[in-house]
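The structure under discussion appears below in the form of structure tokens.
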Amino acid sequence: MKNSHWLVTILVAVAAAYLLGAQAEAQRGGPPAPISPRAGAPVDITGQWVSLITEDWRYRQFTPPKGDYGSLPLLPPARKIADSWDPARDEAAGEQCKAYGAAGLLRLPTRLRINWNDEATLKLETDAGTQTRLFQFGSTRANAGGTPGGDWQGVSTAAWDYPQAAFAARGGGRAPGGSLKVVTVKMRPGYLRRNGIPYSANAVLTEYFDRFDVPGGDALLVVTAEVVDSEYLATPYWTSQQFKRESDASRWQPTPCTAR
Amino acid sequence: MRKARGLVGAALVVVSATVIGQAPQIPPAPTGQAPAIDLSGYWSPVLHEDFMERGPGSEIADYGGFPLNEAGRLWALSYDPSRVTLRHHQCEAYVTPYQMRALGNFRIWEERDLHTQRLLAIHLWAQTTEGHRVIWMDGREHPPAWAPHTFRGFSTGQFSGNALVVRTTHMKSGALRRGNGVPQSDQATLTEFFVRHSDHLTNVTVVSDPVFLSEPMVRSNDYYRQPVDPGAWLYACDDGEQILDRPEDAVPHYLFGKQPYVREFGARYKIPLAAGLLGGVTMYPELNARLRTTTEADGSALLSPAAGRASETSKTVDGEVRDGNIHIMPIRDNVYMLVGDGGNIVVQTGDQGAFVVDTGEGKLSDKVLAAIRTLTSNPIQFIANTSVHREHTGGNEALGAAGQDPSLPGSFFVQAAPRGVTGFFSDPSSHATMMAHVNVQVRMQAAGAPAAAVPADTYLEDRRRKFHNGDAIEFFYQPNAVTDGDSLIHFRRADVIVAGDIFTTTQYPVIDIKNGGSIQGEIRALNEILKTTVYRHQGEGGTYIVPGHGYLADEHEVLEYRDMVVIVRDRVKAMIDAGATLQQVKTARVTADYDTQYGANTGPWTTEMFVEAVYSSLKGGR
Numbered sequence: 001m002k003n004s005h006w007l008v009t010i011l012v013a014v015a016a017a018y019l020l021g022a023q024a025e026a027q028r029g030g031p032p033a034p035i036s037p038r039a040g041a042p043v044d045i046t047g048q049w050v051s052l053i054t055e056d057w058r059y060r061q062f063t064p065p066k067g068d069y070g071s072l073p074l075l076p077p078a079r080k081i082a083d084s085w086d087p088a089r090d091e092a093a094g095e096q097c098k099a100y101g102a103a104g105l106l107r108l109p110t111r112l113r114i115n116w117n118d119e120a121t122l123k124l125e126t127d128a129g130t131q132t133r134l135f136q137f138g139s140t141r142a143n144a145g146g147t148p149g150g151d152w153q154g155v156s157t158a159a160w161d162y163p164q165a166a167f168a169a170r171g172g173g174r175a176p177g178g179s180l181k182v183v184t185v186k187m188r189p190g191y192l193r194r195n196g197i198p199y200s201a202n203a204v205l206t207e208y209f210d211r212f213d214v215p216g217g218d219a220l221l222v223v224t225a226e227v228v229d230s231e232y233l234a235t236p237y238w239t240s241q242q243f244k245r246e247s248d249a250s251r252w253q254p255t256p257c258t259a260r
Numbered sequence: 001m002r003k004a005r006g007l008v009g010a011a012l013v014v015v016s017a018t019v020i021g022q023a024p025q026i027p028p029a030p031t032g033q034a035p036a037i038d039l040s041g042y043w044s045p046v047l048h049e050d051f052m053e054r055g056p057g058s059e060i061a062d063y064g065g066f067p068l069n070e071a072g073r074l075w076a077l078s079y080d081p082s083r084v085t086l087r088h089h090q091c092e093a094y095v096t097p098y099q100m101r102a103l104g105n106f107r108i109w110e111e112r113d114l115h116t117q118r119l120l121a122i123h124l125w126a127q128t129t130e131g132h133r134v135i136w137m138d139g140r141e142h143p144p145a146w147a148p149h150t151f152r153g154f155s156t157g158q159f160s161g162n163a164l165v166v167r168t169t170h171m172k173s174g175a176l177r178r179g180n181g182v183p184q185s186d187q188a189t190l191t192e193f194f195v196r197h198s199d200h201l202t203n204v205t206v207v208s209d210p211v212f213l214s215e216p217m218v219r220s221n222d223y224y225r226q227p228v229d230p231g232a233w234l235y236a237c238d239d240g241e242q243i244l245d246r247p248e249d250a251v252p253h254y255l256f257g258k259q260p261y262v263r264e265f266g267a268r269y270k271i272p273l274a275a276g277l278l279g280g281v282t283m284y285p286e287l288n289a290r291l292r293t294t295t296e297a298d299g300s301a302l303l304s305p306a307a308g309r310a311s312e313t314s315k316t317v318d319g320e321v322r323d324g325n326i327h328i329m330p331i332r333d334n335v336y337m338l339v340g341d342g343g344n345i346v347v348q349t350g351d352q353g354a355f356v357v358d359t360g361e362g363k364l365s366d367k368v369l370a371a372i373r374t375l376t377s378n379p380i381q382f383i384a385n386t387s388v389h390r391e392h393t394g395g396n397e398a399l400g401a402a403g404q405d406p407s408l409p410g411s412f413f414v415q416a417a418p419r420g421v422t423g424f425f426s427d428p429s430s431h432a433t434m435m436a437h438v439n440v441q442v443r444m445q446a447a448g449a450p451a452a453a454v455p456a457d458t459y460l461e462d463r464r465r466k467f468h469n470g471d472a473i474e475f476f477y478q479p480n481a482v483t484d485g486d487s488l489i490h491f492r493r494a495d496v497i498v499a500g501d502i503f504t505t506t507q508y509p510v511i512d513i514k515n516g517g518s519i520q521g522e523i524r525a526l527n528e529i530l531k532t533t534v535y536r537h538q539g540e541g542g543t544y545i546v547p548g549h550g551y552l553a554d555e556h557e558v559l560e561y562r563d564m565v566v567i568v569r570d571r572v573k574a575m576i577d578a579g580a581t582l583q584q585v586k587t588a589r590v591t592a593d594y595d596t597q598y599g600a601n602t603g604p605w606t607t608e609m610f611v612e613a614v615y616s617s618l619k620g621g622r
């Protein structure tokens, strides 16, 4: 009996606190004005970064031979295209940037420069192939619907990503820190690897950009990527690329795309 | 009632915080940090990167993307994959940086304090090699430099932002890349970041290795969450004979510049030979520009040590403790290792008096005695010496004088023995009995050591045995190893072997030619250790080996040391067979892949002295 009495008291106290909190918020004029994605960034990924090509080294530092598509979950149509890869044909067609599209770009040996283009847009540039990607914060539908896309870099929608509970709106459940999540669609068909491994116009690229500071050492940017392409891939294609922060801007060496 | 009041109190704290619109101020927990992310569950690796390495195996000379220094590159080039046919290599587990890339599933779970529910540790179980990692989350310190190493190492973690950050030390040596010899030394340290995006887990590994890498090696591993237990968590392995009648002192390897398959990789993929051999630059976009100015001859030159360069010196954490204190390392049962006074000292305690193996350099004998007194109130009854060298006998006089051997007074032996032969048996109640191979006694007497420092209880042939403090203690004579008086001393129940300077983790073996040492004897002695050891699991644990200098080891460290000694011997022998002079052998830098681990250009035992000893030993047919 005594126990139930205390239980009721506790429940009443908690409910009162919740109501008081809501009332106090209403008296303050509602929720605070939203801050811009730039101001609210949980992590700073701006600056110059250089690729650390420590995995799939042969595939990434050199152009692999035709038909060499180890590790990739390719469907037969993709193999057929890869087996007919002809860099001279790509050059003749002015498509020497096919390996520099969003789904393959960050796998190349390159430097990145990431900066805020405006309060809601991050700009990522590469010196390899002199490509530019724009990560627009906002809803996917608004960005993808309002932009034609169809170029190598497609349309990218950005959001800060936090590990949180499914019912996070009820309070709590969100961890500190966060990642940049970028979803890219409407890409012009390109190559996952230089030797003609294709992805289609319907491919969806989802990336998470995480910054890690090595104690007493470097700052690392790790981009975890997933390519979903039901036309050419049997399963999602998962990779993670690492970059090291660089302070020496003179190492930035813009070079044009090459098909070979 | 009290409990109910406590609950209300807690509720009111939350209430007041909510009303004023601020998060409750909870001081950070000094230990048992609350998790920022939950890694628990079943995880399967995604093999969309480096499948060749992680599946079938890496190709010879495919070292691109690894910031190998010269030692690392040469170590890899010397490696023969058939080395894994040697019994002791067959079941070796993976070191953590490679373990995280291995095939097979992972299981992760939390360990929490039952009463406080604070997070104590995060456990990872890897199916491949049954790799069990423990990441301590309770704020504990890493072990000291003289503690044993394991394939997984010692890991501590903390949450930072949305990541788990893990630091690992005390790893064994192993393969940074599987199958083609890219090495990781026992001096490597690892920083990891675990970050989770829904059902996608990313693990970033940053390996720093002063022995084999010129800069940190960064890789990332991806896993997807399995909703149900995928099963198959075991990885049985027993070693056995794979090649019969192979000589005991054969270790598969290639001489510098003689790796026959080194050009296959480049030829197959139309990549210049140098591309995979250039170390750090191979990781960066500048590689292709570099290769445009690199010739085939440049690549060939990288297959051997750079000529005309001084030997590198050890980049390891100094395994010798020089802080003026004696540190006690419990080994197993009633056996302890004492470090701090030159050579390592072992103490066995029990109902009988203490049994001490080696006495250090003798500079800190008072502190050694004080340390022993914290382990037992009984006096030192026996002292055994593994060799004649000063770092192992220097404290004989002081430790001997502080002991007594109660088994002798009144015995027939003492009463019948001619007094004054060694000065020892005349008054056993005031002195511990000292034991060693007879050549230790002979060498010490010849060197004019005080009688009270010279072992009097000696043995002549291959074995001496004694049952003491509930354990069987065996001495095994190792003729002409470091000297002509070396003993391996085995505590059989505790399963601890005291190796003396036959094995160290800090330097090349001190082949003391003048005192009867030889390279062949040293190899035989190392193989004797390996014939006696039994690992507990996947090539580690089980029999402990106390080195003459350095950290407490098991058979893996002895194995790698034996391999090194054999490989260096083979290189010197090949040059002798080709008519090389000692100077030519020195110039060839035959130890170039081991110098960053064991090398010294100054001090009592230099790389040059080691090479000279190997050369003169082989020239003398020993």
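Residue numbers (my numbering), protein chains in the order written: chain A, 1 to 260; chain B, 1 to 622.
For glycine and all other residues, C-beta sits at the position ideal for the given N, C-alpha and C.
Asked	Found
Given B/R292 as reference, the closest of B/E312, B/A274, B/G308, B/S300 once Cα atoms are compared	B/A274
Boundaries (first-last residue) of the beta strand (DSSP E) holding B/G161	Looking at the DSSP string, B/G161 is not in any beta strand (DSSP E), and its letter there is neither H nor E.
Inter-residue spacing [alpha-carbon to alpha-carbon] between A/S247 and B/M217	19 Å
DSSP-derived helix/strand/coil call for B/Y544	strand
Touch test, the region 186–195 of chain A against the region 207–223 of chain A, Cβ-Cβ under 8 Å, three pairs minimum	no
Beta bridge counterpart(s) of B/E474 as assigned by DSSP	B/R465, B/H490
CB-CB length for B/G266 against B/P272, believed under 8 Å	6 Å
8 Å Cβ cutoff met for A/S240 and B/S220	yes
Under 8 Å from the C-beta of B/L47: neighbouring residues of chain A	S71
Contact set for B/W75: own chain, Cβ-Cβ below 6 Å, skip 5 residues either direction	P183, D593
Short CB-CB distance (under 8 Å) between A/P176 and chain B	yes
C-beta neighbour in chain B for A/F209, strict 8 Å	no
Residue ranges of each beta strand (DSSP E) within the region 90–149 of chain A, 3 or longer	111–118, 121–126, 132–137
Where B/E286 sits in the DSSP three-state scheme	coil
Nearest to B/G161 (by Cα), restricted to the options B/A499, B/D38, B/F476	B/D38
8 Å Cβ cutoff met for B/D399 and B/S365	Note that residue 399 of chain B corresponds to Leu in the displayed sequence, not to Asp. In this structure, B/S365 lies closer than 8 Å to B/L399 by Cβ.
Sufficient close CB pairs (3 or more, under 8 Å) joining the region 577–586 of chain B to the region 548–557 of chain B	no
Neighbourhood of B/F503 by C-beta, 6 Å cutoff - its chain only, sequence neighbours within 5 removed	P547, V558, Y561
For A/W49, the nearest candidate out of A/A219, A/L105, A/E91, A/T121 (CA to CA)	A/A219
Cβ-based neighbour list, B/G603, same chain, cut-off 8 Å, excluding 5 preceding and 5 following	none
Through-space distance from A/Y199 to A/A159, alpha-carbon basis	24 Å
Extent of the continuous beta strand (DSSP E) to which A/F212 belongs	204–213
Where B/V321 falls, given that 16 or more other Cβ within 10 Å makes a residue buried	buried
Reference B/R622; option with closest CA among B/M609, B/R589, B/R569	B/R569
Whether B/R73 touches B/L302 by CB criterion (8 Å)	yes
Segments assigned alpha helix (DSSP H), at least 4 residues, entirely inside the region 85–144 of chain B	96–99
Stretch pair the region 99–111 of chain B + the region 248–259 of chain B: three plus CB contacts closer than 8 Å	no
Same chain, Cβ closer than 8 Å to B/G21, neighbours up to 5 away in sequence not counted	Because B/G21 sits at a pLDDT of 33, beneath the cut-off of 50, its placement in the model cannot be relied upon, and the point is left open.
Alpha-carbon to alpha-carbon, B/F256 and B/V388	36 Å
Pairwise C-alpha distance: B/F151 and B/L120	21 Å
Beta carbon proximity, A/L122 to chain B, threshold 8 Å	no
Chain-ordered neighbours of B/T191 on chain A, where CB pairs are closer than 7 Å	V214, P215
The beta strand (DSSP E) enclosing B/K258, as first and last residue numbers	Unbroken run through B/K258: none, as it is neither H nor E.
Proximal residues of chain A, C-beta to C-beta of B/Y284 below 8 Å	V50, S51, L52, I53, P109
Nearest neighbour of B/P406, chosen from B/I380, B/T386, B/H392 [CA to CA]	B/I380
Interface flag, B/Y94 vs chain A, CB-CB below 8 Å	no
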